[in-house]
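Worksheet: one structure, shown below.
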Amino acid sequence: MAGASKAVVDSRANLPFVYRQYSPEQLREVLHKMYLIRRFEEGAEECYTRGLIHGTMHLSIGQEASAMGICMPLAEDDQITSTHRGHGHCIAKGAEVGRMFAEFFGKTTGYCKGRGGSMHIADVAKGNLGANGIVAGGIPIAVGAALSSRMMKTGKVVVSFFGDGANNEGAFHEALNMAAIWKLPVVFVCENNGYGMSTSTARSTAVKNIAERAAAYSMPGVIVNGNIFSEVAEASFKAIERARAGEGPTLIESKTYRHRGHSKSDRNRYRTKEEIEDWMANRDPITLFENELRDFGFIDDQGIEAIRDAVAREIADGIEFAKASPAPEIATLENYVYTEHA
Amino acid sequence: MDAAMRELSYAQAIQEAMAIAMDMDERVFLMGEDIGVYGGAFQVTGDLVERYGTDRVIDTPISELGGAGVAVGAAVTGMRPIFEFQFSDFATLGMEQIVNQAAKMRFMLGGEVSVPVVMRFPAGSGTGAAAQHSQSLEAWLGHVPGLKVIQPATPHDAKGMLLAAVADPDPVMIFEHKLLYKMKGHVPEGHYIVPIGKAEIRREGRDLTIVATSIMVQKALDAAAALEGEGIDIEVVDLRTIRPLDRQTVIDSVKKTSRLLCVYEGVKTLGIGAEVSALVAESEAFDYLDAPIVRLGGAETPIPYNPDLEKATVPQVPDIIAAARDLVKGVR
Amino acid sequence: MPTEVILPKVDMDMATGQISRWFAEEGAKVKKGDVLFEIETDKAAMEIDAPASGTLRDVTGKERVDIPVGAPVAWIYADDEVYEAGTTQNGAPISPLVGEMSAKPTKGGAVPPASQSVAPPSALPFLRSSGAAATEGGPGISPTRGEIGQSPSGGRATPLARRLAREAGLAIADVKGSGPHGRVVRADIEAAIAAKGAGAPEQPTADTAPQTPVEAPAAAPKPMSDDQVLKLFAEGSYELVPHDNMRKTIARRLVEAKSTIPHFYLTLDCELDVLLALRTQLNAAAPMKKTDKGEAPAYKLSVNDMVIKAMAMALMAVPDANASWTESAMVKHKHADVGVAVSIPGGLITPIIRHADEKTLSVISNEMKDLAGRARSRKLKPEEYQGGTTAVSNLGMFGVKDFAAVINPPHATILAVGAGEERAVVKNGEIKIATVMSVTLSTDHRAVDGALGAELLGAFKRMIENPMGMLV
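Chains A, B and C, in that order, give the protein sequences.
Sequential numbering of the first sequence, starting at 879, is according to our numbering.
Sequential numbering of the second sequence, starting at 7, is according to our numbering.
Sequential numbering of the third sequence, starting at 274, is according to our numbering.
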């Protein structure tokens, strides 16, 4: 056994970033979480189609490596702001799927006590300041959180997730500019999945790569393949180091793809089935990472199976917890609008 | 001068409140456009940057949306920002962060956070600044659950309510009428609080209740003084806070006088007067009304540039005198 | 295990959906991802892909029918799975989620299980709200300009003046108003009180009886929740039949009627012998008419037809009882439009014989047959069952002796008709046998007082016992 692990260690020098940076246990945990995100969203989708969850939801299936890669180098008390497509960010930052399901079911045990739902999922204790229903709405808030970090000298770094659609909002430009002039510890992460609802970036955005926007605000603009965990994590690691060192913000463009439609009422009229199938069959981030782990000897088929089984149990338990949880009393309707006075 | 009767201008009172807040709590800081060496468009921040430095008196770029969002983000993560919009009209540019983020964040997150941000809005007409720099938009924000909206009408209240706002765990929007900035009045030294959500009876009377906000409080008092000679005894209620409204003070006053006149500078239709009228009509004070309820509000027009037109746009003292006299004499 | 194909939720606020088209039929081979069917929503059609590969079986989701979200519409059997007809439809819940769906909602659960979801209002037109019916049925009830402000308590007055007048036992109408437009203000009431003398305010008169504002009535006791009801019965001892729209409308309207209308009841016996004899004579005299099914009498009167006519004529004789209550005015009708309760499968409906006072018995009879027939096939138009000025409900054919009916707003009366039966009656000190029918008139006490109702019922009895009057 000792020989085997020595072989792993020896071979690491030539492996991609994350295999050098993180322990095999940590990397297996990444696979576990990527599966957890995938199965959580599939479970949520299943509950939705059966009418157990109302409203709508925006699934990030296909973008798991992006969420995990960005959050991997973050410390527990570092903070993020998230988007309407934020389930993955929430899990990657450490949320429990049971309380997330409970929120989707509108229960009091949910992260937002049934007031927020999918679009406002948050986990403040783990540093997730919340998903946001307004495109680019969370970007200035992240800059404000970074300002707090500097003024209170907490050393926290803030990551602001947003999609390609947000890069044409005024808030994006105002926030990037302010973060740059004040050199705040914030990392801007554009998860470019190719479409803002139905409109492709080619049709909506004057620059070819959103990372090019960084030049206008004198910050590094980095493009990564958002479906390759190691690439994303490496870029995130560097940007977070830079932010923590007081050198200012970075814009990371994580190019990825969502397998599902924009929301539950999307008919996929703006892209072809072939395109979707190609991404699913050839560029699935979980498959890519799993194969790498296996090829590099960090896990075997048995280990993968064990992860899948564990995730299936967590999801089933989470749904059960949500179902069994109490719904809010109508009498509490106006709670949490203002701070309650003791 | 007797310290007990010390007088300050409304602008000086706000500045003093901000200085006291920053002295008392290192989490408090100021953000806004040109609030540093320039001293703010209306010289409200004045020389605070010299006393507290650029780390705590932060000039922002001309980015109302981003600036408001940064203030919200800082508030959620433990700071106590006071954000100045250069003109209340520019609230329109920051509306997303005010209405969708600041007001709702605590609610959306099930009470897991609070948003102790203070936003200041120099508002109102009378400066010849025309349609985009003269509006009174307080009723817009008063319509949003999650926000608190105040309109101090005196230097004393401007200081005390700002200190209350800074101490408040929820987002507080302060609408300051620009013509009040030079108004002088007694302002106690040191820290004191004028509570949010509590109206003040500025003048007691038995024939008519005038509910007024901001600069209209002084105009109502002037009108009341003029009508005294005619034997008309007017009670003036300074609403001070428009969300949450102090319903009981209004109801009690109308029960006493049996007549209600609402005076406010914002556009009359769907304005504060509509809410005050409706709350009286819905309350036990209805059975005490001895005359129709009357509103005097801003005309249904953008604020014009021409000074005579501008004056005609908002209620003036003679308008209030006429309306009050008609109500009490039973002409309306 | 075969894969369930459900009707998925594809849009916000979607409780049910319709399959507009199937692209694969029973027994077809499908591949995962193939388009199986199309769902029509308010906004657009959505194509739904097969969730698995295999053979499509048990296609129960019919096209163009409302299907609850989450309900299975078909099953897909993998190639190695054996299909036995019908097994999957009736099979046990396939996944834990299906179990949740068919179970009762968790206490206070915010998300109603799909199986309980309410179908959107269907095309079935049934009684509209009483408000709409009242407006249609009652011409000329909106106050004219001159009447505005002329409320029951007098002319224009401020709320304060009204309250003071109430407290002093003064009628506003008796006080001259000094305010604009003659409005009575506080000073006027105070002057009126002073004019009455410095003594105590006079005792309230009967007319102004409710002196103090009426306290809000105590909240009605809440009906038992579904759960509470079901708990009283052993599981498996019952079957749950979801309400259709007609059942819901009936329930809502009857609760509304019984809880908002002060009902008042009057019962009377009518002797039928003369009427029955006349009916036999009239039917025997019916001319023959050619119809699709050969020759048939041109009419065949029933007792009920004669009850309808008698009720219409009674209302004409006592026009004050031919009324509808509205808050602002009494609606006095000029014709008698008689609704007749018709029992139909799953409920009842009340088509209206319009102007029954003017129609002959044969016209009423034939019209009634047509309306009842179309009511049973649910083909009535709304204008055929909305409005009316009274109603008749006859349970005599079931042998019911006497009952009290619930008023169907906007009516102010309804006549409940029992069976005609031979009873011993005492006449001039002798016991005789007569065919007697008991009728009970329910009145809306706001519109028809006891004496007026008795007068109406008396007129009805006279008409029934002197039926020749209905012929002229």
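Virtual Cβ for every residue (Gly too), placed ideally from N, Cα, C.
The segment 892-969 of chain A contains, as complete beta strand (DSSP E) runs of 3+ residues, the segments 957-959 (chain order). Given a length threshold of 3 residues, each whole run of the beta strand (DSSP E) inside the segment 487-565 of chain C is given here in chain order: 536-544, 561-564. For alanine 1188(A), same chain residues with a beta-carbon under 6 Å away, outside a window of 5 residues either side, do not exist. The Cβ of glycine 336(B) sits closer than 7 Å to at least one Cβ of chain C. The beta-carbon separation of arginine 993(A) and tyrosine 1214(A), rounded to 6 Å, stays under the 8 Å limit for a contact. Proline 683(C) is bridged by DSSP to nothing; it lacks a bridge partner. DSSP links histidine 192(B) through a beta bridge to Glu13(B). When beta bridges are read from the DSSP output, proline 87(B) appears opposite Phe35(B). Cβ neighbours of alanine 226(B) within its own chain (closer than 7 Å, five residues either side excluded): Ile216, Ala218, Val242, Val269, Ile326.
One alpha carbon belongs to arginine 209(B), the other to glycine 237(B), and they sit about 15 Å apart. Chain B places no beta carbon closer than 7 Å to that of valine 457(C), leaving this residue out of the contacts. Counting only residues of its own chain and dropping the five nearest sequence neighbours on each side, valine 55(B) has a CB closer than 7 Å to the CB of Gly42, Val43, Val63. Pairing isoleucine 704(C) with phenylalanine 676(C), the inter-Cα distance amounts to about 26 Å. Proximity to methionine 287(C) across Arg1147(A), Lys1142(A), Lys1201(A), Asp1001(A) peaks at Lys1142(A), based on C-alpha coordinates.
Secondary structure at aspartate 1195(A): helix, using DSSP grouped into helix, strand and coil.
Checking the DSSP bridge columns, you'll see glutamate 182(B) partnered with Pro128(B). The beta strand (DSSP E) runs of length 3 or more contained entirely in the segment 97-175 of chain B are, from start to end of the chain, 124-129, 154-156.
Asparagine 1006(A) carries a strand assignment under DSSP once its states are collapsed to helix, strand and coil. Secondary structure at valine 699(C): strand, using DSSP grouped into helix, strand and coil. Interface flag for lysine 991(A) against chain B is set, since a Cβ pair is found closer than 7 Å. The beta carbon of lysine 282(C) falls within 7 Å of a beta carbon belonging to chain A, placing the residue at that interface. Looking at Leu276(B), Leu285(B), Ile299(B), the one whose alpha-carbon comes closest to that of glutamate 306(B) is Leu276(B). In the structure shown, lysine 1031(A) falls within a coil segment according to DSSP collapsed to helix, strand and coil. Judged by DSSP in its simplified three-state form, arginine 253(B) adopts helix.
At least 7 Å separates the beta-carbon of threonine 1077(A) from that of glutamine 941(A). Per DSSP, asparagine 1070(A) is one residue of the beta strand (DSSP E) stretching across 1064-1070.
Taking a Cβ-Cβ threshold of 7 Å, the residues of chain B close to leucine 433(C) are Ser264, Asp293, Tyr294, Leu295, Asp296, in chain order.
Under DSSP, cysteine 268(B) shares a beta bridge with Val217(B), Arg301(B). Within the model, the alpha-carbon separation for glycine 966(A) versus serine 960(A) is close to 9 Å. At a cut-off of 7 Å between beta-carbon atoms, proline 1063(A) makes no contact with chain B.
Of all residues in the segment 680-708 of chain C, none comes within less than 7 Å of chain B when Cβ atoms are compared.
For the set Pro275(C), Glu657(C), Ile292(C), Leu280(C), the Cα lying nearest the Cα of tyrosine 350(C) is the one of Pro275(C).
The bridge partners DSSP lists for phenylalanine 1040(A) are Cys1068(A). Rounded to the nearest angstrom, the Cβ distance from alanine 137(B) to isoleucine 309(B) is 5 Å, consistent with a contact under 8 Å.
In this structure the segment 105-120 of chain B does not lie against the segment 160-167 of chain B, because fewer than three pairs of beta carbons, one per stretch, are closer than 8 Å.
Within 8 Å of the CB of glutamate 102(B), the CB atoms of chain A belong to Ile1012, Gly1015, Ala1049, in sequence order along the chain.
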